[in-house]
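J.:
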Ligand SMILES: [Zn+2]
C-alpha cells in the first residue's frame, strides 16, 4: 500500500432517536468500507437542531454501535461544539460575496429557489424580521464519480438553486456544518444513504467555495419499510435491539449485497465481513424494500 494513501471515514447520525435497521445498514457499510482499507472510522453526532432531537439519543446511539461491535476511532465529535467554526465559514462566504439574505417564507418557496431576494440586498434583519442566508450558486455543472452509482451530474442553477446555509431561526444548515466538519476531521471517504444524494452537489459546491478538499462518495440504497416509505426515526421505525444481533447483521449484509458467512459467532461474522467487503456488490439502486430481504419479521 502506498504510504501516502490514507482513508478516514465516518458515520454521522442526527440524534433524533435511536438507530433503526436503515441506520444500521449505513453504519455497517461505512464501517466495513473503512476497516477493509485499514482506514479510520469516526463518529460525529449531528446535533444542530435541538427542537428535533432527543436528549438521550446520543448515548443510546453510541451504546447501539458498541452492542454491534462497530468500534470507532478517537473521540466522538458533537456538532453543537462547533458553532464557532460554522460562523467562521459563513463569514468567509460573506466576505467573498457568495451569500445573500432572504426573507421569503420557507413554506411558500419552491424547493428550487427562484432567486427572489438574490439582488435585493436585504439586511440581516429586514422590516423587523430575521432573514435566512442563502448561498449563490453559479450557472455550472457539478459532477462526481460515485463509487456505487457511477457518474452523477447536476446543473446547479436549474436542479439545486441558491440554498440556505443559515436559517431564519439562526441555526446553521446541515449542508454548511457537514462540509466544515468533514474537512476538520480530514474525512476522505463518505459512505451514506442515497437519501442524501441530493445534498452532495450542494456540499461539493460549498467545498469549492470554501477551498476545502472533496471527499470520495458512495451512496447506498435506503431501506424502505413494508409501507414503501424510508425507515426513519420520524416515522418511528423500530430501534435495533441487541437481543439477536447476528440476525440483524446478516440481514444488513444481505441488504448490502455482501456474502453472508454461515457462523453463529457474531464477532467472527463481522471480522470476515471486513475481509470480504466488496462495494462493487452493493445494489446500484436508490432504495430497496425490506420485504425483499425475506427475514423481515425481525423488523416488526
Ligand atoms: Zn428570498
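In the working numbering, the protein residues as written are 1076 to 1375.
Ideal placement from N, C-alpha and C gives every residue a C-beta, glycine not left out.
Just so it is clear, the structure is predicted and the values come from calculations on it, not from any experiment.
Can residue 1178 be considered in contact with ligand 1, in the sense that its beta carbon sits closer than 7 Å to one or more heavy atoms?
T.: Here residue 1178 refers to the residue found at position 103 when the chain shown is read from its first residue. Because some heavy atom of ligand 1 lies under 7 Å away, the Cβ of residue 1178 counts as near it: yes.
J.: So which of 1317, 1327 and 1299 has the shortest CA-CA distance to residue 1365?
T.: The count along the chain shown starts at 1 and reaches residue 1365 at position 290. Per the Cα distances, 1299.
J.: Tell me whether residue 1233 is buried or exposed, calling it buried when 16 or more other Cβ atoms sit within 10 Å of its Cβ.
T.: Residue numbering aside, residue 1233 sits at position 158 when the chain shown is read from its first letter. The residue in question, residue 1233, is exposed, as its Cβ has fewer than 16 Cβ neighbours within 10 Å.
J.: Quick one, are the C-beta atoms of residue 1288 and residue 1363 less than 8 Å apart?
T.: As a first step, residue 1288 is located in the chain shown; it is residue number 213 there, counting from the start. As a first step, residue 1363 is located in the chain shown; it is residue number 288 there, counting from the start. At the C-beta level, residue 1288 and residue 1363 stay beyond 8 Å of one another.
J.: Spell out a yes or no on whether the region 1230-1244 and the region 1181-1194 are touching, meaning 3 or more CB-CB pairs, one atom from each, closer than 8 Å.
T.: Yes, since at least three Cβ pairs between the region 1230-1244 and the region 1181-1194 fall closer than 8 Å, the two stretches touch.
J.: Less than 8 Å between the CB atoms is what I'm expecting for residue 1083 and residue 1223, so what's the real figure, rounded?
T.: Sequence index remark: in the chain shown, residue 1083 carries index 8 (1-based). Sequence index remark: in the chain shown, residue 1223 carries index 148 (1-based). Not confirmed; about 19 Å, so no contact.
J.: Once the 5 residues before and after residue 1254 are set aside, which same chain residues still bring their CB inside 7 Å of it?
T.: Within the chain shown, the letter at position 179 stands for residue 1254. Once the five neighbours on either side are set aside, the close Cβ partners of residue 1254 are 1278, 1281, 1282, 1285 and 1287.
J.: Residue 1126: which of 1314, 1111, 1092 and 1138 sits nearest, CA to CA?
T.: Here the question's residue 1126 lines up with position 51 in the chain shown. Among 1314, 1111, 1092 and 1138, the Cα nearest to that of residue 1126 belongs to 1092.
J.: In this structure, what does DSSP give as the bridge partners for residue 1266?
T.: Here residue 1266 refers to the residue found at position 191 of the chain shown. Looking at the DSSP assignment, residue 1266 forms a beta bridge with 1293.
J.: Report the option in 1251, 1269 and 1200 whose CA atom is closest to the CA atom of residue 1160.
T.: Position 85 of the chain shown, counting from 1, holds the residue named residue 1160. Nearest of 1251, 1269 and 1200 to residue 1160, Cα basis: 1251.
J.: Excluding the 5 residues flanking residue 1144 on each side, which residues of the same chain have their C-beta closer than 6 Å to its C-beta?
T.: Here residue 1144 refers to the residue found at position 69 when the chain shown is read from its first residue. Around residue 1144: 1345.
J.: Say yes only if the C-beta of residue 1191 is nearer than 7 Å to one or more non-hydrogen atoms of ligand 1, and no if none qualify.
T.: The sequence position of residue 1191 within the chain shown is 116, counting from 1. Within the chosen limit of 7 Å, ligand 1 reaches the beta carbon of residue 1191 through at least one heavy atom.
J.: Can you tell me the Cβ-Cβ gap for residue 1119 and residue 1152, rounded? I've got them flagged as a contact below 8 Å.
T.: Reading the chain shown from its first residue, position 44 is the one you call residue 1119. Reading the chain shown from its first residue, position 77 is the one you call residue 1152. 5 Å between Cβ atoms; contact.
J.: For the candidate residues 1169, 1330, 1139 and 1291, whose alpha-carbon lies nearest to that of residue 1318?
T.: Position 243 of the chain shown, counted from the start, is the residue given in the question as residue 1318. The shortest Cα separation from residue 1318 among 1169, 1330, 1139 and 1291 belongs to 1139.
J.: To which residues does DSSP link residue 1230 through a beta bridge?
T.: Reading the chain shown from its first residue, position 155 is the one you call residue 1230. Bridge partners of residue 1230: 1216.
J.: Assign residue 1316 to buried or exposed, taking buried as 16 or more other Cβ atoms, counted over all protein chains shown, within 10 Å of its Cβ.
T.: Position 241 of the chain shown, counted from the start, is the residue given in the question as residue 1316. Classification of residue 1316: exposed, given that the 10 Å Cβ count is below 16.
J.: Counting only the same chain and skipping the five closest in sequence on each side, list residues whose C-beta sits under 8 Å from that of residue 1122.
T.: Here residue 1122 is taken as the residue at index 47 of the chain shown, counted from 1. If we look at residue 1122 and ignore the five residues flanking it on each side, its Cβ neighbours are 1089, 1090, 1128, 1133, 1153, 1154 and 1155.
J.: Below 8 Å between beta carbons: does that hold for residue 1328 and residue 1348?
T.: The residue you call residue 1328 lines up with position 253 of the chain shown. The residue you call residue 1348 lines up with position 273 of the chain shown. Closer than 8 Å, so yes.
J.: What separation, rounded to the nearest whole angstrom, lies between the Cα atoms of residue 1227 and residue 1265?
T.: As a first step, residue 1227 must be located in the chain shown, where it is residue number 152. As a first step, residue 1265 must be located in the chain shown, where it is residue number 190. Cα-Cα distance, rounded: 15 Å.
J.: Give the C-beta separation of residue 1270 and residue 1305 to the nearest angstrom, bearing in mind that I take them to be a contact with Cβ-Cβ under 8 Å.
T.: Sequence index remark: in the chain shown, residue 1270 carries index 195 (1-based). Sequence index remark: in the chain shown, residue 1305 carries index 230 (1-based). Between residue 1305 and residue 1270 the Cβ distance is about 6 Å, and since that is below 8 Å, they are a contact.
J.: To the nearest angstrom, how far is the alpha carbon of residue 1202 from that of residue 1147?
T.: Within the chain shown, the letter at position 127 stands for residue 1202. Within the chain shown, the letter at position 72 stands for residue 1147. Going by the C-alpha atoms only, they are around 48 Å apart.
J.: Taking 8 Å as the threshold (C-beta atoms), are residue 1256 and residue 1157 in contact?
T.: Numbered from 1 along the chain shown, position 82 holds the residue referred to as residue 1157. Numbered from 1 along the chain shown, position 181 holds the residue referred to as residue 1256. Cβ distance < 8 Å, so residue 1157 and residue 1256 count as in contact.
J.: Hey, could you find the ends of the beta strand (DSSP E) residue 1110 is sitting in?
T.: Counting from one through the chain shown, the residue named residue 1110 turns up at place 35. Premise fails: residue 1110 lies in the alpha helix (DSSP H), 1096-1111, not in any beta strand (DSSP E).
J.: Could you give the distance in angstroms between the alpha-carbon of residue 1136 and the alpha-carbon of residue 1099?
T.: For the purposes of this step, residue 1136 is taken as the residue at position 61 of the chain shown. For the purposes of this step, residue 1099 is taken as the residue at position 24 of the chain shown. When rounded, the distance between both Cα atoms is 10 Å.
J.: Quick check: what's the CA-CA separation for residue 1175 versus residue 1290?
T.: Here residue 1175 refers to the residue found at position 100 of the chain shown. Here residue 1290 refers to the residue found at position 215 of the chain shown. Roughly 27 Å between the two C-alpha positions.
J.: How about residue 1101 and residue 1267: do their beta carbons lie closer than 8 Å?
T.: The sequence position of residue 1101 within the chain shown is 26, counting from 1. The sequence position of residue 1267 within the chain shown is 192, counting from 1. Yes. Within cutoff.
J.: So which of 1179, 1332 and 1274 has the shortest CA-CA distance to residue 1243?
T.: Within the chain shown, the letter at position 168 stands for residue 1243. Of 1179, 1332 and 1274, the residue nearest in Cα terms is 1179.
J.: Quick check on residue 1287: does DSSP put it in helix, strand or coil?
T.: Within the chain shown, the letter at position 212 stands for residue 1287. Three-state result, residue 1287: coil.
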